[in-house]
Every structure is written in structure tokens, then in C-alpha cells.
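>
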Amino acid sequence: QKEVEQNSGPLSVPEGAIASLNCTYSDRGSQSFFWYRQYSGKSPELIMFIYSNGDKEDGRFTAQLNKASQYVSLLIRDSQPSDSATYLCAVKVPGRRALTFGSGTRLQVQP
Amino acid sequence: EAQVTQNPRYLITVTGKKLTVTCSQNMNHEYMSWYRQDPGLGLRQIYYSMNVEVTDKGDVPEGYKVSRKEKRNFPLILESPSPNQTSLYFCASSLFVGRGGRTEAFFGQGTRLTVV
Chain Y
1 QKEVEQNSGP LSVPEGAIAS LNCTYSDRGS QSFFWYRQYS GKSPELIMFI YSNGDKEDGR
61 FTAQLNKASQ YVSLLIRDSQ PSDSATYLCA VKVPGRRALT FGSGTRLQVQ P
Chain L
112 EAQVTQNPRY LITVTGKKLT VTCSQNMNHE YMSWYRQDPG LGLRQIYYSM NVEVTDKGDV
172 PEGYKVSRKE KRNFPLILES PSPNQTSLYF CASSLFVGRG GRTEAFFGQG TRLTVV
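Residue numbers (the numbering used here), protein chains in the order written: chain Y, 1 to 111; chain L, 112 to 227.
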């Protein structure tokens, strides 16, 4: 079992819809959770982080964390074609310096 | 403009020929790190540095070296590259200290390395 799992996609949504990206993790002691956006051929860009159970909103983005079920989600409201990218979930696992990244979910927003 | 700059962006080399990928940041960040990105494996940390002259291994350090003589620079050295080091490499830096420690906030543009 991978430590951080994401569906590779592509996840295709129409413009204006809500895109829901999911990520599960295996270490129950994980404390910090991050979402990065990576456009094709570009570097990852940190867009959200969340530490506590519940929702955290930033503009059109909402991160949701459920530690009991060991999943973290990213919702993108009013999706735009410019949101088309790969979204990487990353987790800070206790005792490890590095972030543990998932392989990413490719999102396609159709005009 | 705040940025992390890597050079070169693309490199094709032969097995065993030493190479260096440079990384420089202009944000006075103490924390810097190197990652490689491979299809299906995600981003994996190679080395990191908490400050000048302080470096440590990440998850996949074999075959790589780093140095941190100045705060702004963190070069990645491949003493004897092999084909399994063909990958996309990213340098990152941060002042961001999240719960659980430093977190990569700024990534360089990436270096696509091919070892033949």
C-alpha cells in the first residue's frame, strides 16, 4: 500500500462545476497535509495546507480533512479551464523530514 | 521577483560523466531541498539543508551529493551518473514552518536529466 494514494485520473469536469480531488494516507500519525498544483511541464505550486479536521477555505479552493477516515480532499468551486493541471497531495509523516507525495490527479476542465 | 532558479533546464549526458545542477534562491530562505519526480512514483526527496553547512539525506540519496556553502545556493552533484538517475529534478526552498516542520513552498523550474 502506498503511503499517499491518489486516483491518477484524468478527472474531467465542465467549466463552472465543482471539482473534487481525493487523497488517502496510511500513517494515522500524520499531522500536516498539503495540496500542490502542477501545470504540465512546470514546477509544483503550493496552494493549500490543512492541519485540523474539517474544512479550510481559500477563495475557490476548500481543503477537507478527515483524520478518522484518513483522507484529505480538495474542492475547486466554479472550475475554470485554467485549473486544468495535476494536483499533488502531500503529507508530513511523523519522524520523516521529507514530505510524502502522492502521484497526483490530473484534472481537465472542459470549456 | 522571488524565485528559485535551476540550471540547466535540460541536460543529456553519458554514464559516468560528473555533472552539477545548480540551484539558487533570492528569498534568504534557510531551508532548501532537492526532489526527483518520476512517473507513478511522485516526488521523492534526495537531500535537504536546514542552513549553511547543514545538510542531510532525504529518502533517495544514493548516487547524489550536495553542498551548502552559501545560503542562497544548493547545488546537486552526480559524481557518476547512471541511467536510473534519468528523471525530472526540482530544487525547493522555504521559510514556511508548518506543523511537523519545514515545508517546501517554492520550487525551481525543474531540470530534465537524461543519462544515456
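Glycine included, every Cβ here is placed at the ideal spot set by N, Cα and C.
Counting only the same chain and skipping the five closest in sequence on each side, list residues whose C-beta sits under 7 Å from that of residue 135(L).
Excluding positions up to five away in sequence, the list reads 116, 183, 184.
> The segment 28 to 44 of chain Y: which residues have C-beta closer than 7 Å to a C-beta of chain L, in chain order?
Within the segment 28 to 44 of chain Y, the qualifying residues are 31, 32, 34, 43, 44.
> Quick one: residues in its chain with C-beta nearer than 6 Å to the C-beta of residue 62(Y), no 5 flanking neighbours on either side, listed in chain order?
Cβ neighbours of residue 62(Y) beyond the five flanking positions: 55, 75.
> Quick one, which of 80(Y), 8(Y), 7(Y) has its alpha-carbon nearest residue 14(Y)'s?
The shortest C-alpha separation from residue 14(Y) is found at 80(Y).
> Which chain L residues are close to residue 79(Y), counting only those with a beta carbon under 8 Å from its beta carbon?
Within 8 Å Cβ-Cβ: nothing; residue 79(Y) doesn't reach chain L, min ~24 Å.
> Would the segment 124 to 141 of chain L count as touching the segment 22 to 40 of chain Y if we require 3 or more Cβ pairs under 8 Å?
Because the criterion of three Cβ pairs below 8 Å is not met, the segment 124 to 141 of chain L and the segment 22 to 40 of chain Y do not touch.
> Does DSSP put residue 118(L) in a helix, in a strand, or in coil?
Residue 118(L) falls in the strand class under three-state DSSP.
> Does chain L have any CB closer than 8 Å to the CB of residue 61(Y)?
So, not an interface residue.
> Since I believe residue 3(Y) is in contact with residue 27(Y) (beta carbons under 8 Å), could you give me their beta-carbon distance rounded to a whole number of angstroms?
With a Cβ gap of about 7 Å, residue 27(Y) and residue 3(Y) count as contacting.
> Is the CB of residue 113(L) under 8 Å away from at least one CB in chain Y?
No, residue 113(L) lies away from the interface with chain Y (no Cβ there is under 8 Å from its Cβ).
> Which residues in the same chain as residue 149(Y) place their Cβ atom closer than 6 Å to its Cβ, once the five residues preceding and following it in sequence are excluded?
A question about residue 149(Y) goes unanswered here, because the residues of chain Y that appear run from 1 up to 111.
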